[in-house]
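Here the structure is laid out as structure tokens; the discussion comes afterwards.
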Amino acid sequence: MHSINSLLVVIEPHLMESLALKRAKHIASHTKAHLHLLICDKKHDHSALLSVLESSLKSEAYSVTSEQNWHESQHATIIKVQQAHNCGLVIKQHVPDNPLKKVLLTPEDWKLLRYCPSPVLLAKTTASWEHGVILAAVDVGNNDPEHMALHSSIVDHGFRIASMAHAQFHVVSAHPAPMLAAVDAAYPLDNQLQETYRAECQVFQQQCEIDDSRLHIEEGPADVIIPRVAKALGAVVTVMGTVARTGFSGALIGNTAEVVIDKLESDILVLKPEDMIEHLEELANKG
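Under our numbering, the very last position in the sequence shown is 288; numbers go up by exactly one each time.
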């Protein structure tokens, strides 16, 4: 977080209070990052609102600029502006399509999470980060270099947020049940899988300096375990990652990822590995 010099803050003009701006101010107050406010709208002029927001933020000693823009769709506009201004983090409030589905992400939010080269912070809750719980979701069972680099980034970002917010830092990993889980627990393959996973957890703990009380390893599908642990801990931010170019890493692929993120009631920070960032930047700059 401390290495991010510029934050792109998506402003929703129809909202009385901007959770995205609230989170951006919190981060900028600790990192001195520049705030670039963006309203995505091709029909109505919002220059007066942006002027008021800029003036207010400048009076509080924030570095700030703003613009209104539109390029094909909301997510495409955000990505274009993020690339143009080299913003290190996009912050957007989750605005539900339907009050009855207030937790579920909109299609535009999903496209932003998939295609934005930079990390995206999706603000879903009004809860204060201060003295809260920051949860990093990893897949300890995947120890190839790409996953390990992403795990390190997820833990690092989570730890930095926790330090910034004087919060507790926890890590969760969903342990996939063995294929023969229904067979007697003494079956060799079952034991071997359990032992291998425990060994991988110990390596991860040593590398990331996570003590037992802050590491939550549970057997079961990620789309059940991660939201359940986040809710039990009262997490205010959940940090996750993506590896595949069109999906989420490890157990978090396709629909599973959508279920996890839709179920989470916390703010969500989504990160990507370096090679995926480069690929998405190429796509963004071709448009």
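By construction, the Cβ of each residue, glycine as well, lies at the ideal position given by its N, Cα and C atoms. None of these values were measured; they are calculated from a predicted model.
| message | Tell me the residue span of the alpha helix (DSSP H) that contains Met17. | response | Here the question's residue 17 lines up with position 16 in the sequence shown. Neither: Met17 is in no alpha helix (DSSP H) and is coded neither H nor E.
| First through last residue of the alpha helix (DSSP H) which encompasses His158 | Taking the first residue of the sequence shown as 1, we reach residue 158 at position 157. 146 to 165 is the extent of the alpha helix (DSSP H) around His158.
| request: Grab the span of the alpha helix (DSSP H) containing Lys43 for me, first residue to last. | output: Position 42 of the sequence shown holds residue 43. That residue, Lys43, is in no alpha helix (DSSP H); it is neither H nor E in DSSP.
| said: Pop quiz: Ile92 and Ala25 are said to be a contact at Cβ under 8 Å. What is the actual Cβ separation, rounded to whole angstroms? | reply: For the purposes of this step, residue 92 is taken as the residue at position 91 of the sequence shown. For the purposes of this step, residue 25 is taken as the residue at position 24 of the sequence shown. Contact flag correct, Cβ pair sits at about 5 Å.
| field | Leu123 beta carbon less than 8 Å from that of Asp268 | value | Here the question's residue 268 lines up with position 267 in the sequence shown. Here the question's residue 123 lines up with position 122 in the sequence shown. Taking 8 Å as the Cβ cut-off, Asp268 and Leu123 qualify as a contacting pair.
| request: Under the assumption that Ile291 contacts Pro118 (Cβ atoms under 8 Å), give the Cβ distance between them as a whole number of angstroms. | output: Any property of residue 291 remains undetermined from this structure, which presents the chain solely from 2 to 288.
| query | Span of the alpha helix (DSSP H) holding Asp213? | reply | In the sequence shown, the residue the question calls residue 213 occupies position 212. From DSSP, Asp213 is part of no alpha helix (DSSP H); its letter is neither H nor E.
| message | Please return the same chain residues whose Cβ sits closer than 6 Å to the Cβ of Thr78, not counting the five positions on each side in sequence. | response | As a working mapping, residue 78 is identified with position 77 in the sequence shown. Result list for Thr78: Cys41, Asn70, Trp71, His72, in chain order.
| Proximity of Ala166 and Thr239 at Cβ, strictly below 8 Å | The residue labelled residue 166 in the question sits at position 165 within the sequence shown. The residue labelled residue 239 in the question sits at position 238 within the sequence shown. No, they are not a contact pair.
| said: What does the Cβ neighbour count give for Arg161, buried or exposed, with the cut at 16 atoms within 10 Å? | reply: On the sequence shown, position 160 is the one that residue 161 refers to. Classification for Arg161: buried.
| task | Please name the residue or residues paired with Ile135 in a DSSP beta bridge. | result | The sequence position of residue 135 within the sequence shown is 134, counting from 1. BP columns for Ile135 point to Phe170, Val238.
| field | Inter-residue spacing [alpha-carbon to alpha-carbon] between Leu263 and Val53 | value | Walking along the sequence shown from the start, residue 263 turns up at place 262. Walking along the sequence shown from the start, residue 53 turns up at place 52. The amino acid occupying residue 263 in the given sequence is Asp; Leu does not appear at that position. Answer to the nearest angstrom: the Cα atoms are 33 Å apart.
| field | Inter-stretch contact (C-beta, 8 Å, three-pair minimum) for the region 28 to 47 and the region 6 to 16 | value | yes
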